[in-house]
Structures are given as structure tokens and as C-alpha cells.
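Add 161 to the 1-based position in the sequence shown for this note's numbering, that's all there is to it.
Where a beta carbon is used, it is the ideal one built from N, C-alpha and C, also for glycine.
Working notes, beginning with the structure itself.
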Amino acid sequence: MRKPYRKAALICLLILPCLTACGSLLDSGKPDNLFRFGVPDAEKLQGVAGTGARTLALARIRFAPEIEGDRIMTAHGDTVLYVKDARWAAPAPDLYTQALLRQYRSRAPDLYLAPPRERPGQRTGSVLRLEIDRFEARYGGQAGKGSAPIVLVSGVATLTNPARVEEIVSQRFSAQEPATANGKAAIVEAFDRAVARQTGDLVDWSLKAVAEFENPEGGQ
């Protein structure tokens, strides 16, 4: 009467090594290093979002397909590669959006940038649309092995108004920052500086453009 149990036990013993082997094959190994950009020092986080007298609605920021995820892209001429064992802590568009919101809060307290998910019912102001097509660490063609890359962040900003339908104004904003070394941390720091410069220029431009649009005769 106990033979079936013995067979079952034997089968379990035979299967166990297979499962152990599968576990080693499925083991993901060392996790990727996670990085982020656009996060200022704690002492610089001043101001409260949403206190601006005027509102500028931010449409969903669009990144080119090859850079819209969480992988860190590098370019070697016409060849693109992703940094091994390193990723952004969140998709690049999400981190960029947060960085831009912080820039508006610190540089333009009188202009509230409404996030994409926020749709104010009675507000009919201008809309800011962004398309980022370059977000990469570029290696020069003549650079030697181990040379540090230059980070490029570039995209087109467009101001539109739902009431008028037509395009208001459009401009490309680009920033390049050299990495101090050919390492993950140094490259991420270069991304951080490039994003800060590019978004800072964008904020300053939009302030002037929105003011001139809303008051063409007496714009700033």
C-alpha cells in the first residue's frame, strides 16, 4: 500500500535538481544601477506649485521611441548602444517632466505650469508642447577608447492656444555638457547639467513668449 508514496517521493527527488538548475538559470544576477536627473539639492526646493497668477498647460511630453524608456542611450556615430547595467529610476519622459515642473516653480513663480494630468476646468490659457528627439551621451568619432562622452539634450517647444487653434511660436532648445569621465556616475551628472540648462532656457523663453502673446502691445 505504500509503494505509490515511494514512487511519488522518488519523482519529487528527481524533479528537485531540475528545479534547482532552473532557478540558477532564471536568476537575474546583479541588479541594474538606477539613476535620476533634475533633482535639486534639498535647500533649493523652495516655493509651492500652483501659486502663479497665470497658467500654462503642459501637454504630455513626447520623447523619440529610442529614448522614451528607462535605458540610458549612447551614440557612437551612426551606432547607438545602451549603458550596461544602468537605467533611469523611471522612464526618461517622467523624470524630464518633473525636472521641468521644478524649473517653473523656481524660475517663474508667477506662471503656474499645470501638469499633463491636470485639466483646469475654467482655464483657457496657452499650451506648451515638447518633443525631445535627442537625449544621449555622444562619443566623438576620433575619440580614443575610454574617452568621456558629451551629453546632448535637444527638443522643440511649441506654444499653442486652444481658442485660436493656430500655432503661436516654436523654437528648438539644445544643451550639451561634457562628462568628466567615462563612467556611469559622471555621465549621469552630465545629463543632470544638460537638462538643467535646457529646461532653464526653455522656461525663460516661454515666460517672455506667453507675456507677449497675452499682451502683444505691452509684453515684457
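Using only the alpha-carbon positions, how far apart do Gly316 and Arg295 sit?
7 Å
Take Ala340 as the anchor and find which of Ala298, Phe224, Pro252, Leu262 has the nearest alpha-carbon.
Ala298
Other residues of its chain near Ile222: CB distance less than 7 Å, five sequence neighbours each side excluded:
Pro254, Tyr257, Thr258, Leu291, Ile293
Are the CB atoms of Glu338 and Val312 within a distance shorter than 9 Å?
yes
Just the Cα atoms here: how many angstroms apart are Leu261 and Arg333?
15 Å
Can you give me the C-alpha to C-alpha distance between Ser267 and Val200, rounded to a whole angstrom?
If you draw a straight line from the Cα of Ser267 to the Cα of Val200, it is about 12 Å long.
Pick helix, strand or coil for Ile228, following the three-state DSSP scheme.
helix
When Arg354, Glu375, Trp366 are compared against Phe198, the one with the closest alpha-carbon:
Arg354
Sorted by chain position, which residues of the same chain lie with C-beta nearer than 6 Å to Gly301's C-beta, five sequence neighbours on each side aside?
So no residue of the chain qualifies.
Would you call Leu186 buried or exposed, if buried means 16 or more other Cβ atoms sit within 10 Å of its Cβ?
At Leu186 the pLDDT is 31, less than 50, meaning the model places this residue with poor confidence; the figure from the coordinates comes in the next sentence. Here Leu186 is exposed. Its C-beta has fewer than 16 other C-beta atoms within 10 Å.
Inter-residue CB distance, Asn194 and Asp246 (contact presumed, cutoff 8 Å)
6 Å
Between which two residues does the beta strand (DSSP E) carrying Ile293 extend?
288 to 300
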